[in-house]
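Remarks on the structure that follows.
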Amino acid sequence: MAETSILVADDEPFIVRLLTFALKKGGFAVTEARDGEEALGLLRARRPKIVFVDAMMPKMNGYELCRAVKSDPELRGTYLIMLTAKGQDSDRDRGLEAGADEYMTKPFSPSQVIQRVTEILQSLKG
Amino acid sequence: MESENPINISELASHPSVADLLESCATIAGARVFIVDLAGAVAARSEARRCACPLCSSPPERFECAPPVRAEVRLGGEVIGAVCSCGAGASAAEAAACLARALGMKAADQADLDSLSEELLSKYEEINLIYDISGAIASIFDERRIAERVLDRVMQAIGAERGLVMVTNKKTGELELTAAAGLPANASAEWRSFFEGRVCDDVAGAGKAVVVDGRRDSAVGGDLLMGPPMVCSPLLAGERVIGVIALARKGGGGDFTSGDLKLLNAIASATGIAIQNARLVEEAKEQERLRRELEIAASIQASLLPDAPPQVEGAQIAARTIAAERVGGDYYGFFQGAGGRTSLVIADVSGHSIAAALMAATLRSVIRAATAQGGTASEVMGRINRMMYPDLESAEMLVSMLYIEYDPGSSTLGIANAGHNRPILWRGGECSLVKIPGILLGVLPQHVFPEERLPLLPGDVALFYTDGLVEAEDESHEPYGDDRLMAVAAANGSLPLDRLMEACLEGVRRHVGAETLYDDVTMIAIRQK
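Protein chains in written order, with this note's numbering: chain A, 1 to 126; chain B, 127 to 655.
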């Protein structure tokens, strides 16, 4: 199996399935997590380069996960994309303050997600 | 063949439920069981050693030659991999065949799931696009900008090379090009003749979307700018078509699909609402502007009117005016001339706007200056016309006016008329119209206005009024008219002037009934003591 490059952490199965399918279709290796704790475990075990982090998740929410990742020297370089609902500007700001590198609003364009992930992975390589 | 079948056996084999199946099969077979891809590479294998054969002792990463037991995994009749075993036990072949069938069924489920996911992905892309476009255009209140924004996004989403939005002209109802993209700038006329005639009119007329594929009309599909393949949807405001959006030349040379049409319809629907909203906002702004303008005009007009009629030796004077719902251009005033003479003026400036109110202000200054120079009513009116003509001509406005000079010494009215309603003379319970010829101010730069000399007997009343009084219509558009006015005046001419005028106004109100007075009503009355 290809090296895991992307982790999708969201408790909403529809979003997880959609993002995973779109990213796999785009040629990326994807791992899924349904809560923040599972996501942190997979981050440590598989070291994905990019993580899609839903703001509201059980056990450990998206903000806590962002803070945990950015305070861990081993994981700090992981690129975090916060998933927020459209119009929830406070969620977005909170996410960026917690350490997210950028945010993406739901609904999103799957084709634009693939394009953005490609750009991020290229810039991380560079 | 692999490209037609996207299911990857390695991915399928990595699923946890497959690992459980693999171990169960190995138990039944009494041997190791392997799942291999089309090239023979091992995708998964059972863990426990079951027999002492070389295959079980040293499990390979790839099968270079055929194993003793091999069962193909098929999806829709196509081989996507195989289940292999050493075949040490009698049941090995059966176990491998069972697992191969199970993997085939799982692959079919996965293919269905992928297909649904693909559809879901496409729908989600559409939802996002509609959400995105609706959000983007919700705060735009300019038709052209809405059309440009929508066209740009929808062309990207559907992958069209050319596109346009046509919106109906609010006044003529004709479709007009509002936004276009990908069209050569110099060829719009050729395109319009084809497009408007062949497709847009059909869509706008029927309010239904169409897809025209490249084969159906190949005769016009070649070099024409918006020729087929194309897709076109109506922009609807409720059930009314207020425009069309069309896309042509799908990227990659294919035809537009029914999915493209559905998406375009959804976006066209949001666009129609946005354009309609933009129009409503524009109309509301225009109405507010007009309302403000009328307020200003009314304020100017009110400021021009005298506070109270003058006290004149030998006569009583009264005046009354009612502003219409829409401001009219009525004006009246009193001016002091030489030798104790008092001049009365009643006028109606054409138009119902700030311009009319400002023209009335100019008129008042001009009357004051013209009256101060002295002379007969005819001379003063001629002077007023000369002074007003340049302004009236450039503003394309006209003024009707009566200039009435009262000489207390001779108890005589000198009246000059510039196209105004004829005065009414009440004498001994009877009324008559005083006929005085004269053209409107502003028609000719020089004009001699004849003067009517009207000696007043004690008790006589002269009544002057604007057209708002006699032209006020009832619900069947019947004007109040001179005859009705004279009848009321005749019956009430002996009353105090305020009550006489109130009786005249009451008469017109009764005539109009529930209808609105659309023009100002103004009256001046003078009674010889």
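Cβ coordinates follow ideal geometry from the N, Cα and C atoms, glycine included.
Since the structure is predicted, the reported quantities are computational estimates derived from the model, not experimental observations.
Secondary structure at B/Cys224: helix, using DSSP grouped into helix, strand and coil. The stretch 617-628 of chain B makes no contact with the stretch 566-579 of chain B: fewer than 3 CB pairs, one atom from each, lie closer than 8 Å.
B/Ala363 carries a strand assignment under DSSP once its states are collapsed to helix, strand and coil. DSSP places A/Lys125 inside the alpha helix (DSSP H), whose first and last residues are Pro110 to Lys125. The C-beta distance from B/Val159 to B/Leu225 rounds to 7 Å, short enough to meet the 8 Å contact threshold. Against chain B, the CB of A/Ala55 has no partner CB under 8 Å away; the residue lies outside that interface. Taking a Cβ-Cβ threshold of 9 Å, the residues of chain B close to A/Leu18 are Ser243, Leu246, Leu247 and Tyr250, in chain order. The contact set of A/Ser111 on chain B, defined by CB atoms closer than 7 Å, consists of Glu251 in chain order. Annotation for B/Ser359: Ala335, Ile371, Leu390, Asn391 and Ala394 place their beta carbon closer than 6 Å to its own, counting only its chain and skipping 5 residues before and after.
The C-beta of A/Phe108 comes closer than 8 Å to at least one C-beta of chain B. Contact between the stretch 529-548 of chain B and the stretch 558-570 of chain B is present: three or more C-beta pairs spanning the two stretches fall below 8 Å. Taking 8 Å as the CB threshold, B/Asn254 lines the interface with chain A.
Along the stretch 16-45 of chain A, going in chain order, the ones with a CB nearer than 8 Å to a CB of chain B are Arg17, Leu18, Phe21, Ala22 and Lys25.
The beta-carbon of B/Tyr644 is placed no less than 8 Å from the nearest beta-carbon of chain A. Of all residues in the stretch 255-284 of chain B, only Leu255, Tyr257, Asp258 and Gly261 place a beta-carbon less than 8 Å from a beta-carbon of chain A.
Residue environment: B/Cys191 is assigned as exposed (fewer than 16 neighbouring CB atoms within 10 Å of its CB, all protein chains considered).
Runs of the alpha helix (DSSP H) spanning 4 or more residues and lying entirely within the stretch 11-73 of chain A occur at 13-25, 36-46 and 62-70, in chain order.
By the Cβ neighbour-count rule, B/Lys411 is exposed, with fewer than 16 other Cβ atoms within 10 Å of its own. About 6 Å separates the Cβ atoms of B/Val525 and B/Leu566, confirming a contact at the 8 Å cut-off. Shown here, B/Cys177 sits in coil according to DSSP, grouped into three states, outside any helix or strand. A straight line joining the alpha-carbon of B/Leu361 with that of A/Ser111 spans about 27 Å. B/Tyr591 has B/Met649 as its beta-bridge partners, per DSSP.
One thing to note: A/Leu40 has its Cβ no nearer than 8 Å to the Cβ of A/Met57. Between B/Ala264 and B/Gly289, the C-beta spacing is not below 8 Å. Nearest in C-alpha terms to A/Val113, of all of A/Ile81, A/Ala33 and A/Glu12, is A/Ile81. Under the three-state reduction of DSSP output, B/Val569 falls in the coil class, being neither helix nor strand. Here the stretch 401-419 of chain B makes no contact with the stretch 438-445 of chain B; the two share fewer than three CB pairs at distances below 8 Å. Taking every protein chain shown into account, the CB of B/Glu300 has fewer than 16 other CB atoms within 10 angstroms, so this residue is exposed.
Per DSSP, the unbroken alpha helix (DSSP H) holding B/Asp278 starts and ends at Glu269 to Ile284. In the three-state reduction of the DSSP assignment, B/Val370 falls in the strand class, which pools E and B. Only residues of its own chain outside the window of five on either side were considered, and among them Ala305 have a CB closer than 6 Å to the CB of B/Glu274, listed in chain order. Looking at the DSSP output, B/Pro581 bridges to B/Thr538. Within the model, the alpha-carbon separation for A/Thr20 versus B/Ala363 is close to 39 Å. A/Tyr79 is positioned such that its CB atom lies no closer than 8 Å to that of A/Leu42. Residue B/Pro142 holds the alpha-carbon nearest to the alpha-carbon of B/Lys232 among B/Glu601, B/Glu173 and B/Pro142.
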